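Step one of this worksheet: look at the structure below.
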Amino acid sequence: MTKSEKVWYPIILVMLVITILFAMMLGASFITPQQMVTAFKGGNPNQLDILINIRFPRILAAMLCGGMLAVAGAASQAAFRNVLADPSILGVTSASDFFILIGAILIPAFPGSKLLFSILGGLFALALLTRGPALKSPYRLIIIGVAMMLTFTGFEQLFANGFGGQTLGSFNGITWSQTEMLLLLGVSGMIAAVIISPWANYLKLSTEQLQTKGVSVSLMRIALLLVVVYLSSGVSSVVGTVPFMGIVVPNVVRYLVGRDYQTIIPLSMLVGAWLLLVVDTIGRIAVLPSELSAAVIMTVIGGPFLILMLQRKNFNGLKSS
Numbered sequence: 034m035t036k037s038e039k040v041w042y043p044i045i046l047v048m049l050v051i052t053i054l055f056a057m058m059l060g061a062s063f064i065t066p067q068q069m070v071t072a073f074k075g076g077n078p079n080q081l082d083i084l085i086n087i088r089f090p091r092i093l094a095a096m097l098c099g100g101m102l103a104v105a106g107a108a109s110q111a112a113f114r115n116v117l118a119d120p121s122i123l124g125v126t127s128a129s130d131f132f133i134l135i136g137a138i139l140i141p142a143f144p145g146s147k148l149l150f151s152i153l154g155g156l157f158a159l160a161l162l163t164r165g166p167a168l169k170s171p172y173r174l175i176i177i178g179v180a181m182m183l184t185f186t187g188f189e190q191l192f193a194n195g196f197g198g199q200t201l202g203s204f205n206g207i208t209w210s211q212t213e214m215l216l217l218l219g220v221s222g223m224i225a226a227v228i229i230s231p232w233a234n235y236l237k238l239s240t241e242q243l244q245t246k247g248v249s250v251s252l253m254r255i256a257l258l259l260v261v262v263y264l265s266s267g268v269s270s271v272v273g274t275v276p277f278m279g280i281v282v283p284n285v286v287r288y289l290v291g292r293d294y295q296t297i298i299p300l301s302m303l304v305g306a307w308l309l310l311v312v313d314t315i316g317r318i319a320v321l322p323s324e325l326s327a328a329v330i331m332t333v334i335g336g337p338f339l340i341l342m343l344q345r346k347n348f349n350g351l352k353s354s
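If you want my numbering, it's the position in the sequence shown, counting the first as 1, plus 33.
As structure tokens, this is what we get:
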């Protein structure tokens, strides 16, 4: 473990624990730590119900989605050798949302259709991105990705009338069953990402260097992109699109600890969990008695972040990852 890792892991963990405590306290009704203790001892069934069945699943879901999207962003950046690659920018999540809508129209009663069609949509988007000229230019990849995002979003709005489109990145009303699904998808996907994180480092080498080592570029890229689809589609199937998480978090982590993906991926998991929990908690209390969705707040954060990265004078091309 490097010196920077020894510093940042405990800091992020402490920040995460503090944020969890505040997220448990804050909401439409304020619950103090003392009231929480009383509720868990059986002294206040109403507050216990709020904590167990409303705030706990929402906190856990926000953390899982944050970690999943951050890891998906880091993996997509490694696969495309592009630090601005992200499932939301590249149209992967928009394709997932559109395919979820198609599934709701075609087979509304089919169990698991949301996850199935979400994954199919993500795979379809990646198939479009990885063929033709998109991979040859980092700028072209981003432009094609944004065009796909707008196209799939437009199709979703076109067909959504009467069927209800996918939710826009909101954790309001999330249930334990949905959180349990996220837990299964998130843990399995993030473990897979950590296991193959050395492959992400290999992809920083040139094609010629990889060939001399006898390493298959295509195999490593496909493996990373499958993890990207699995994680981002899992989030889309439950809460919808939360944009920019996969851009903001991995790039902040890269600034803090360097360019080793064996460090970037696991630390992005923690930072993503913390950031999305902060965002969702702010959204819960910012406009009481209403709410702001996490997607809206992340758009406000991520949009300027993306512009800043594109305008940095020392940003020597998008391939440096």
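In this text, a Cβ means the ideal position worked out from N, Cα and C, and glycines have one as well.
This structure is a prediction, so every number in the text was calculated from the model and none was measured.
query, result
"Compute the Euclidean distance between the alpha carbons of LEU217 and PRO144, then round it to the nearest angstrom.", "17 Å"
"Helix, strand or coil for GLY335? Go by DSSP, reduced to three states.", "helix"
"Quick one, which of ALA180, GLY124, LEU174, LYS147 has its alpha-carbon nearest PHE157's?", "GLY124"
"Return the chain-ordered list of same chain residues with a C-beta closer than 6 Å to the C-beta of ALA94, the five sequence neighbours on each side being excluded.", "PHE204, ILE207, THR212, LEU215"
"Considering only C-alpha positions, which residue in the set LEU102, LEU343, LEU289 is nearest to GLU38?", "LEU289"
"Hey, LEU84 and ILE53: beta-carbon distance below 8 Å or not?", "no"
"So, at 6 Å on beta carbons, what are the nonlocal neighbours of LEU363 in its own chain, with the 5 sequence-adjacent residues on each side left out?", "This structure cannot speak to residue 363, because the chain is shown only from 34 to 354."
"Would the beta-carbon of VAL261 fall within 8 Å of that of ALA108?", "yes"
"Given that a residue counts as buried once 16 or more other Cβ atoms are within 10 Å of its Cβ, and exposed if not, what is GLY336?", "exposed"
"Once DSSP output is grouped into helix, strand and coil, what is the label at TYR42?", "helix"
"Check this for me: beta carbons of ALA112 and GLY154, under 8 Å apart or not?", "no"
"Verify whether the separation of the beta carbon atoms of GLY273 and ASP119 is less than 8 Å.", "no"
"Leaving out five residues on either side along the sequence, give the residues of the same chain with a beta carbon under 6 Å from the beta carbon of ALA105.", "PRO120, VAL261, LEU264, SER265, GLY279"
"Answer yes if the stretch 294–304 comes into contact with the stretch 39–52, meaning at least three C-beta pairs across the two stretches below 8 Å, and no otherwise.", "yes"
"Look up GLY273 in the DSSP assignment and give the residues it is bridged to.", "LEU201"
"Any idea if PHE55 is buried or exposed, counting beta-carbon neighbours within 10 angstroms, 16 or more meaning buried?", "exposed"
"Could you check the C-alpha separation between ASN284 and PRO66 for me, to the nearest Å?", "35 Å"
"Quick one: give me the first and last residue of the alpha helix (DSSP H) that ALA226 is part of.", "209–228"
"Nearest-angstrom Cα distance between ALA256 and SER230?", "10 Å"
"Please return the same chain residues whose Cβ sits closer than 7 Å to the Cβ of THR240, not counting the five positions on each side in sequence.", "VAL250"
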